[in-house]
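This report refers to the structure that appears directly beneath it.
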Amino acid sequence: MNNSNTTVREQARTSITNKVLKNTYILLSMTLLFSAFTAFVSYAMNISVVNPFITLGLYFLTLYLTTKNKNNASGIFWVFCLTGILGFTLGPILNIYMNNLSNGTEIVATALMLTGTIFLSLSAYVNYTKKDFSFMGGFITSGIVLAFAASIILLVSSMLGYYFPLMMLGISSLFALLMCGLILFQTSSIVNGGEDNYVMATVTLYISIYNLFTSLLHILTAFMGNND
Numbered sequence: 001m002n003n004s005n006t007t008v009r010e011q012a013r014t015s016i017t018n019k020v021l022k023n024t025y026i027l028l029s030m031t032l033l034f035s036a037f038t039a040f041v042s043y044a045m046n047i048s049v050v051n052p053f054i055t056l057g058l059y060f061l062t063l064y065l066t067t068k069n070k071n072n073a074s075g076i077f078w079v080f081c082l083t084g085i086l087g088f089t090l091g092p093i094l095n096i097y098m099n100n101l102s103n104g105t106e107i108v109a110t111a112l113m114l115t116g117t118i119f120l121s122l123s124a125y126v127n128y129t130k131k132d133f134s135f136m137g138g139f140i141t142s143g144i145v146l147a148f149a150a151s152i153i154l155l156v157s158s159m160l161g162y163y164f165p166l167m168m169l170g171i172s173s174l175f176a177l178l179m180c181g182l183i184l185f186q187t188s189s190i191v192n193g194g195e196d197n198y199v200m201a202t203v204t205l206y207i208s209i210y211n212l213f214t215s216l217l218h219i220l221t222a223f224m225g226n227n228d
């Protein structure tokens, strides 16, 4: 009898996990497409780069509203608002790369290809091995806080006319590594039943992909950028 109950519970748990994983990937795919669309719109309209502090304000506002409504239908609406805004602010950045660098299109394409390859590879690894990466949570959180704080300091210093390109490159490299870790952590959490909300799982994976892509853009430009 006990074995039967255990089997039923395991089957129910597996069913819930598979449902969360499926819904996460479906919503993630939709938000990435929507984000790409809003990025294309702002790129085609030749919108100026949005003030980074405005972008951060909108990001944290929509993230708060998404988190607050994660258990109801409006949570999905706020996910699309969040990803649409980030996509829209990405368009002008891509404009700079593609118009100011002779090989800008190549750099953007390479960053996009690497981002997709890294995400798919890490996701496939976790889904296949079922390895638990929950032990990385504290390290990733601490790293993101430190990297974010350093980014704000460098952003303010650049506005004042002080530039530290090597430090910016180092932070981009750190962010890229942290986002890889976050993909492993979040996917592992879903696969092993630690995450049961596909809305928040989608947001985490989307932010990981977004930051990985922008970090790779900076890294590739540092090594491959051609102004000729």
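Okay, so the sequence shown: first residue is 1 according to the working numbering, each after it adds one. In this text, a Cβ means the ideal position worked out from N, Cα and C, and glycines have one as well.
Query, Result
"Between the CA atoms of VAL20 and ASN46 - distance to the nearest angstrom", "38 Å"
"Assumed close pair SER48, PRO92 - CB separation to whole angstroms, cut-off 8 Å", "6 Å"
"Where the alpha helix (DSSP H) containing LEU169 begins and where it ends", "165 to 191"
"Inter-residue Cα distance where the pair is THR234 and LEU120", "Outside the displayed range of the chain (1 to 228) lies residue 234, so it cannot be described from this structure."
"Distance, ALA222 Cα to MET200 Cα", "33 Å"
"Where the alpha helix (DSSP H) through SER121 begins and ends", "104 to 129"
"ASN227 beta carbon less than 8 Å from that of LEU101", "yes"
"SER121 Cβ short of 7 Å to the ligand GTP heavy atom set", "The ligand GTP is not part of this structure, which contains no ligands at all."
"Residues near GLY193 in its chain [Cβ-Cβ closer than 7 Å; skip 5 each side]", "ARG13 and THR17"
"Option in MET167, MET136, THR83 and SER189 with minimal Cα separation from ILE209", "THR83"
"Cut-off 8 Å between Cβ atoms - residues of its own chain near ILE219, not counting five sequence neighbours on either side", "LEU169, SER172, SER173 and ALA176"
"Supposed contact pair VAL108 and THR27 - C-beta distance, whole angstroms, cut 8 Å", "This sequence places Leu at residue 27; Thr is not what is there. Rounded, the Cβ-Cβ distance is 25 Å, inconsistent with contact."
"Pairwise C-alpha distance: LEU182 and VAL204", "Checking the sequence, you will find Thr at residue 204 rather than Val. THR204 and LEU182: Cα-Cα distance of roughly 8 Å."
"C-alpha distance - ILE152 paired with PHE53, whole-angstrom precision", "9 Å"
"DSSP three-state assignment for LYS238, whether helix, strand or coil", "There is simply no residue 238 to check, as the chain begins at 1 and stops at 228 in what is shown."
"DSSP-derived helix/strand/coil call for PHE133", "coil"
"Option nearest LEU216 by Cα separation, candidates GLN186, SER42, ALA111 and GLY87", "ALA111"
"Burial state of THR89 (16 or more Cβ within 10 Å)", "buried"
"Reference VAL126, options ILE76, SER188 and ASP196, closest by Cα", "SER188"
"Endpoints, alpha helix (DSSP H) assigned at LEU101", "Unbroken run through LEU101: none, as it is neither H nor E."
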